[in-house]
Structures are given as C-alpha cells and as structure tokens.
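Remarks on the structure that follows.
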Amino acid sequence: MNLNQLTYFLMVVDNGSVTQAAKKAFVSQAAVSKMIHQLENELGTELFIHEGRSLKLSREGKLFYSYVSDSLHLLNRGVQSLNQIDTDYYPVSILFKVASPLIVKIVMQIKQELPNVKLNITQHINGDTDLEQFDFIVNDEPQLHFKSEPVITEDILIGWNFSSGSKKYVTLDELQQTPCIAMSPGHSLRGILDTFNADFHLKIVPQYETDDPSTIRHLIENQIGWSFVPTKSWSGIKENFNLVQLQKNLPHRTIYLNTKHQQLSRPLQEVRNEIFNVFNS
C-alpha cells in the first residue's frame, strides 16, 4: 500500500468515477484502475460496487474511506505547516497554574529550539481573568471548555528535613506529630492534603500556609515542617532536604496541558511539543 494508491482511491470517491478521477490527476484511466485494483487486492476486499457507469463505495469501502480521508488530511496539514516560513516573532501565551519550578527550563528550551516564539507567561490570576486570552494553561485538572491533554502523572513525596542520614520512609504517626506546611486553600497541592486526610482518616491541619511554592521549600529546608512535594513538576529545583516516601500508597496527580484551540498552528504545535519534552525529560 502506498500514498498514490490512497490518493487515487480518494479521488475516485470524490469524483464518482475512475474517468473523472483520471482527468483530475492528469493520468490515464488505466493507471487509476490499476491502482484501485492493487489496493483492493492488498486489502483483500472490494472497495467499490459498480452500478452501471458509476461507482459506489461498498460497506468496507465506506469504513476504509473514513480512515484514509482523515489520515491524508492530517498529512496534508503537516506538509503545509512545513512550508509556512515565518521570520517574525510569534506570540504564545501560557498560564501556569501549577509546575512553576519548570518555567525557566521550559523558557530556555523554547528559546533554544524556537527562537521566533515570543512567550508571555502568567502565574497569578484572579477570578475575573478571561482564560480565553491564553493559548495554553498548565493545570492539574482538565480546564472547562478547553481541549485537555495529559502531560505526566507524578508521585507526590514528603519533603522532610528532621532526620539525619538517608531516611527513606516516614510513618503516618510522624506526619501527624510534626508541623505541616501547606499551600493556601484553593491551590491544587492543598487538595492533595485534603484527599490524603480523607483516604487515611486523618486530621492533619496545616500549621503554616503559603501561596508560594518556593516558600514551602525554604520552610522545609529550615526544619519548620513537612509538606507534599511533586516529583516531576518540582524537579527543576535542587532540594536541600530529604524526599521520603510513605509506608503506604503514595499520593499522585496528573498534569494537563489545556488549549482553547481546536487545531494548533505550526508554532503552537512546536511549543506544545517542547513543553512535553521538558516534563518528560
């Protein structure tokens, strides 16, 4: 099976006959017929039903047409995108609701690979902010009315700095007896704590709260308390504290890349790819 066979197959369907398809392709009728026969022989089924001088798709042909049409349309979009040469700066706006420690790494990656992309990065918004202004939103849940794509699923470890040596595990009792540092209510990591309490029937109340992830890391480093630390989305930071596991199942979360666009332009598709590369590196 080759691209010419699939192209002629679509042309016959769209033009209703081999004769008309041959005229459109500027080839002989015999050449188109040969391609269709080869394709049918390879698939082991008839794609067309002859009704007088016209051709109609068989049941198998209709099914095959739906896949071929979508595939060649996507392929043509890819070819067209490669031909779009744009030397001007292309603005791309990204809202990071989570994973702020990876922002610098993502910016550096895009600067290196996509020098014509101009990034507009936002971290803090209010309830009145119009989310439609952003090309991408990085969040730990699908964004309503946006197209959402999971980027990674990451384990959540315990940031701990109260024990010397290489402590690998911490018990639920130790967590309950040690001050807890948490993100402010409404933040995604605060939801991890609430779910954690419910799953293990605990009543851990944060003694310290903040809306800044970097503050949490500094408080852990200075032995103020412990907190949940995402393993992937905070991996751009060098921790000066231990990351320890629970003796029971680890909490986890999924990071999503949300976009308002139903179809991504070439620059947006490239930015999307680089974001995925950074998260999965």
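Numbering (the numbering used here), first residue to last: 1 to 281. Backbone N, C-alpha and C fix where the C-beta goes; we use that ideal spot for every residue, glycine too. Predicted model, so just to flag it, every value in this text is computed and none were measured.
Neighbourhood of residue i by C-beta distance below 8 angstroms, restricted to the same chain and skipping five residues each side
i      : result
Lys118 : Tyr89, Tyr90, Pro91 and Val92
Val278 : Leu102, Lys105, Ile106 and Gln109
Phe162 : Thr178, Gln223 and Trp226
Glu132 : Lys260
Lys168 : Val244 and Gln245
Simplified DSSP state of residue i, which is helix, strand or coil
i      : result
Val117 : strand
Gly16  : coil
Phe228 : strand
Ile181 : strand
Val170 : strand
Thr122 : strand
Ile204 : coil
Asp194 : helix
Leu175 : helix
Phe9   : helix
Val32  : helix
Phe276 : helix
Asn249 : coil
Leu144 : coil
Ser265 : coil
Phe64  : helix
Whole-angstrom C-beta distance between residue j and residue i, which should lie under 8 angstroms
i      : j      : result
Glu154 : Ser233 : 6 angstroms
Asp211 : His187 : 7 angstroms
Ile181 : Leu219 : 5 angstroms
Ile158 : Leu246 : 7 angstroms
Ile36  : Tyr8   : 6 angstroms
Tyr65  : Leu57  : 6 angstroms
Ser17  : Leu55  : 6 angstroms
Phe241 : Glu221 : 5 angstroms
Asp140 : Val98  : 5 angstroms
Extent of the continuous alpha helix (DSSP H) to which residue i belongs
i      : result
Met1   : Run containing Met1: none; DSSP gives neither H nor E here.
Ser100 : Run containing Ser100: none; DSSP gives neither H nor E here.
Ser54  : That residue, Ser54, is in no alpha helix (DSSP H); its beta strand (DSSP E) goes Ser54 to Leu57.
Asp221 : Reading off the sequence shown, one finds Glu at residue 221, where the question assumed Asp. Here the alpha helix (DSSP H) through Glu221 covers Pro213 to Glu221.
Bounding residues of the beta strand (DSSP E) (the contiguous stretch that carries residue i)
i      : result
Val92  : Tyr90 to Phe96
Gln245 : Asn242 to Leu246
Phe48  : Phe48 to Glu51
Pro185 : That residue, Pro185, is in no beta strand (DSSP E); it is neither H nor E in DSSP.
Thr254 : His252 to Thr259
Lys147 : Lys147 to Trp160
Thr210 : Tyr208 to Thr210
Val138 : Phe136 to Asn139
Cβ-based neighbour list, residue i, same chain, cut-off 6 angstroms, excluding 5 preceding and 5 following
i      : result
Gln143 : Ile137 and Asn258
Glu209 : Ala182 and Ser184
Ile125 : none
Pro251 : Ile156, Ile192 and Phe196
Pro206 : Cys180 and Ala182
Close Cβ partners of residue i (< 7 angstroms) along its chain, the five nearest in sequence each way excluded
i      : result
Gln123 : Phe96 and Ser100
Glu113 : Glu274
Leu268 : Val92, Asp135 and His261
Lys194 : Correcting the residue type first, residue 194 is Asp in the shown sequence and not Lys. Contacts found: none.
Gly61  : Leu47 and Phe48
Phe276 : Val151
Ser148 : Pro142, Tyr256 and Asn258
Val12  : Val18, Ala21, Val32, Ile36 and Leu55
Glu40  : Glu46 and Leu47
Leu264 : Arg272
Ser69  : Leu10
Near the ligand MN: residue i beta-carbon under 7 angstroms from a heavy atom
i      : result
Asn116 : Questions concerning the ligand MN fall outside what the structure shown contains, since it holds no ligand whatsoever.
Does the count of Cβ pairs from the region 254-264 and the region 122-136 closer than 8 angstroms reach three?
-> Contact between the region 254-264 and the region 122-136 is present, with at least three C-beta pairs closer than 8 angstroms.
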